[in-house]
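Novice: Each number in my numbering corresponds to the 1-based position in the sequence shown with 124 added.
Glycine is no exception: its CB is placed at the ideal position from the N, C-alpha and C atoms.
Before I ask anything, let me first share the structure, which is written out below as structure tokens.
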Amino acid sequence: MKKFSKSQHSTMNELNITPLLDLAFVLLVIFIISTAPMVNDLDMNLPPRTKAPKPAAAKKPNLIIVEADGRIFFNGAQVQLAKLHQDLTQMAREDTNTSVVVHGDSAVVYQNMVSVFDVLQQANVTKVGLATERPAATPPSTN
Numbered sequence: 125m126k127k128f129s130k131s132q133h134s135t136m137n138e139l140n141i142t143p144l145l146d147l148a149f150v151l152l153v154i155f156i157i158s159t160a161p162m163v164n165d166l167d168m169n170l171p172p173r174t175k176a177p178k179p180a181a182a183k184k185p186n187l188i189i190v191e192a193d194g195r196i197f198f199n200g201a202q203v204q205l206a207k208l209h210q211d212l213t214q215m216a217r218e219d220t221n222t223s224v225v226v227h228g229d230s231a232v233v234y235q236n237m238v239s240v241f242d243v244l245q246q247a248n249v250t251k252v253g254l255a256t257e258r259p260a261a262t263p264p265s266t267n
């Protein structure tokens with residue numbers, strides 16, 4: 125066994141390869157991770173690109189206005205309840221998605237509104253909305 129003193133310098137007889145192996149394993153793991161997605165490629169036959177049909181334009185709802193004096197306007201024209209019933213029944217036969225918006229004047233007699241809703245029910249119109257404000261394109265009120 126040799127004794128080494130601090131004054132003597134010896135040459136290194138062995139090479140430490142532990143950091144070199146650590147680096148090799150890290151590179152191997154990086155290589156495996158980066159090549160794995162390329163191995164799992166799938167061939168897919170996609171349908172040819174076609175133009176999608178355009179959705180049908182939304183129809184404007186029909187507008188019923190009941191004035192305070194009992195007059196009824198259907199799409200801007202004054203009608204009686206019997207004529208309103210005929211028009212709505214015809215529209216409901218032609219298009220089951222017929223929609224109606226009803227606006228009643230703030231001073232309307234409640235029975236007039238009930239009569240309009242009865243006509244809507246008898247004509248099988250199920251898409252009914254209530255307008256809280258008077259629509260802009262309607263005949264002026266004669267209050």
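Quick one: is residue 191 buried, meaning 16 or more other Cβ sit within 10 Å of its Cβ, or exposed?
Specialist: If you number the sequence shown from 1, residue 191 lands on position 67. Residue 191 is buried by the Cβ-count criterion.
Novice: Under 8 Å: do the segment 242-260 and the segment 207-215 share three or more Cβ pairs, one atom per stretch?
Specialist: Judged by Cβ distances under 8 Å, the segment 242-260 makes contact with the segment 207-215, as three or more pairs qualify.
Novice: Going by DSSP, what residue range makes up the alpha helix (DSSP H) through residue 260?
Specialist: Sequence index remark: in the sequence shown, residue 260 carries index 136 (1-based). Counting along the chain, residue 260 falls outside any alpha helix (DSSP H), and DSSP gives it neither H nor E.
Novice: Just how far apart, CA to CA, sit residue 235 and residue 185?
Specialist: Locating residue 235 in the sequence shown gives position 111, where the first residue counts as 1. Locating residue 185 in the sequence shown gives position 61, where the first residue counts as 1. When rounded, the distance between both Cα atoms is 23 Å.
Novice: Determine the contact status of residue 233 and residue 188, defining contact as a CB-CB distance below 9 Å.
Specialist: The residue labelled residue 233 in the question sits at position 109 within the sequence shown. The residue labelled residue 188 in the question sits at position 64 within the sequence shown. The answer is no: Cβ separation not under 9 Å.
Novice: Can you list, in chain order, the stretches of the alpha helix (DSSP H) that have 4 or more residues and sit fully within the segment 189-244?
Specialist: As far as the segment 189-244 is concerned, its whole alpha helix (DSSP H) runs of at least 4 residues are 205-218.
Novice: Report the rounded CA-to-CA distance for residue 260 versus residue 177, giving the unit in angstroms.
Specialist: Counting from one through the sequence shown, the residue named residue 260 turns up at place 136. Counting from one through the sequence shown, the residue named residue 177 turns up at place 53. Looking at the two C-alpha atoms, the distance is approximately 33 Å.
Novice: Please report the Cβ distance between residue 183 and residue 224, rounded to the nearest whole angstrom; I am assuming they are in contact, meaning their Cβ atoms lie under 8 Å.
Specialist: If you number the sequence shown from 1, residue 183 lands on position 59. If you number the sequence shown from 1, residue 224 lands on position 100. That pair is no contact at about 11 Å.
Novice: Would you call residue 253 buried or exposed, if buried means 16 or more other Cβ atoms sit within 10 Å of its Cβ?
Specialist: Taking the sequence shown and counting its residues from 1, the one referred to as residue 253 is at position 129. Its Cβ having fewer than 16 others within 10 Å, residue 253 is exposed.
Novice: Could you tell me the distance, in whole angstroms, from the CA atom of residue 222 to the CA atom of residue 159?
Specialist: Translated into positions along the sequence shown, residue 222 becomes position 98. Translated into positions along the sequence shown, residue 159 becomes position 35. Each residue's alpha carbon lies about 60 Å from the other.
Novice: Helix or strand or just coil, what does DSSP make of residue 187?
Specialist: In the sequence shown, counting from the first residue as 1, residue 187 sits at position 63. Here residue 187 sits in strand by DSSP.
Novice: Is the distance from the Cβ of residue 258 to the Cβ of residue 219 below 9 Å?
Specialist: Residue 258 sits at position 134 when you count from the first residue of the sequence shown. Residue 219 sits at position 95 when you count from the first residue of the sequence shown. No, the Cβ-Cβ distance between residue 258 and residue 219 is not below 9 Å.
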